[in-house]
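Read in full-length UniProt numbering, the sequence shown has 94 at position 94, and its numbers run on one by one without any break. Taking it in order: structure first as structure tokens, then the write-up.
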Amino acid sequence: MVGPSPPPFCPEHLVEAKNALRTEFRARRNAHVAALDARVKALMFRRPPSPVMAMVPEGATVGIYLAGPAEAPATAYAQVLHEAGHKIALPWFADRSSPMVFREWSSPWVDELLAPGPWKGIVQPAEDAAEVVPEVLFVPLVAFSADGGRIGQGGGHYDRWLEAHPSTLPIGLAWDCQLVEHLPREAHDAPLYAVVTPTRIYGPWERQR
Numbered sequence: 001m002v003g004p005s006p007p008p009f010c011p012e013h014l015v016e017a018k019n020a021l022r023t024e025f026r027a028r029r030n031a032h033v034a035a036l037d038a039r040v041k042a043l044m045f046r047r048p049p050s051p052v053m054a055m056v057p058e059g060a061t062v063g064i065y066l067a068g069p070a071e072a073p074a075t076a077y078a079q080v081l082h083e084a085g086h087k088i089a090l091p092w093f094a095d096r097s098s099p100m101v102f103r104e105w106s107s108p109w110v111d112e113l114l115a116p117g118p119w120k121g122i123v124q125p126a127e128d129a130a131e132v133v134p135e136v137l138f139v140p141l142v143a144f145s146a147d148g149g150r151i152g153q154g155g156g157h158y159d160r161w162l163e164a165h166p167s168t169l170p171i172g173l174a175w176d177c178q179l180v181e182h183l184p185r186e187a188h189d190a191p192l193y194a195v196v197t198p199t200r201i202y203g204p205w206e207r208q209r
């Protein structure tokens, strides 16, 4: 069954609409995670489902993120993929105004390989870690739609990086409560290849090159 058409978003209202969604879905995400039983939460996102593992080419470099308090965690995925022979990379910034790049995290079990970044409380690989370009990238998000739309924190770092690296497959990790029926989109918004939640996999969708 075809759902209702997306509501119109006037260009001048896109930023306002996105910011309103960020506020709403951050609150939803925080409430959802706070309500989870710790024992149940510990079992979630422990390893990529088999269909997701199949999306990662043999020997590929995989980018992940270090989750904030309510974000879907990605570190266990990094450990499983590292054991499977993949190189793991994390976002890296020279300073707050610099573009995002990825540097290798040579062992996702060793936090001592990470150093403070330009944002308080966020660590990243050391400056001398090898710079790499992931073929697959697990991305955080605030909200997503069932057709591959994504709203992030608002900095645009992932959208700009993915625009410069169109062959990389971006896979979102999210809680089920972060699904929204429709998202306002701008030309620079990078669509996702797939989204993984604790209960299902959305996609994969065809990538637009």
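All C-beta atoms, glycine included, are put in the ideal place defined by N, C-alpha and C. Keep in mind that this is a model prediction, so the values were computed, not measured.
Might you give, ordered along the chain, the residues of its own chain that have their beta carbon closer than 8 Å to the beta carbon of residue i, omitting 5 neighbours on each side?
i, result
"R29", "A70, E71, V142, W175, C177, Q178"
"P57", "E135, V136"
"A74", "F45, I64, Y65, L66, A67, F138, P140, L173"
"P91", "G63, Y65, M100, V101, F102, Q124, H157"
"A76", "F45, R46, R47"
"G3", "Interpretation of G3 is limited by its pLDDT of 42, a score under 50 that renders its predicted location unreliable; no figure is taken from the coordinates."
"V33", "K41, P69, A70, W175"
"Q79", "P108, W109"
Taking 7 Å as the CB-CB cut-off, is residue i touching chain C?
i, result
"I122", "Here there is only one protein chain, and chain C is not present."
Can you check which of these residues, the options, is closest to residue i by C-alpha distance?
i, options, result
"A20", "P198, P184, W205, L192", "P184"
"I64", "P134, G85, A129, A130", "P134"
"D159", "R26, H32, W105, P99", "P99"
"V195", "R47, R39, V52", "V52"
"R47", "E83, R207, P118, F93", "E83"
"R96", "P118, H13, E127, R200", "P118"
"P108", "H32, A94, H13, A89", "A89"
"K18", "A126, R200, E206, G152", "G152"
To the nearest angstrom, report how far apart residue i and residue j are at their CA atoms.
i, j, result
"P49", "L169", "16 Å"
"W161", "E16", "23 Å"
"G154", "E186", "12 Å"
"V123", "H182", "33 Å"
"L36", "P198", "12 Å"
"P204", "K120", "35 Å"
"residue 218", "V180", "This structure gives no information on residue 218, because the portion of the chain shown stretches from 1 to 209."
"Y202", "M55", "13 Å"
"D189", "A164", "12 Å"
"A27", "A42", "21 Å"
"F93", "E127", "9 Å"
"F25", "A31", "10 Å"
"E206", "R200", "18 Å"
"H13", "P166", "28 Å"
Apart from the five residues just before and just after residue i, which ones in its own chain have a Cβ nearer than 7 Å to its Cβ?
i, result
"A60", "H86, E135, V136"
Spatial neighbours of residue i within its chain, please: C-beta separation below 6 Å, excluding the five flanking residues on both sides.
i, result
"L192", "G148, R150, P170, G172"
"E131", "V101, R103"
"A129", "R103, E104"
"L81", "V62"
Flag this pair as touching only if the segment 130 to 149 and the segment 107 to 116 have three or more C-beta atom pairs under 8 Å; answer yes or no. Under the Cβ criterion (8 Å, minimum of three pairs), the segment 130 to 149 does not count as touching the segment 107 to 116.
Continuous alpha helix (DSSP H) assignments of at least 4 residues falling wholly in the segment 32 to 100: If we require 4 residues or more, the alpha helix (DSSP H) runs fully inside the segment 32 to 100 come out as 38 to 41, 50 to 53, 75 to 83.
Hey, which unbroken runs of the beta strand (DSSP E) at 3 residues or more fall wholly within the segment 127 to 155? With a minimum length of 3 residues, the continuous beta strand (DSSP E) runs that stay inside the segment 127 to 155 are 136 to 139.
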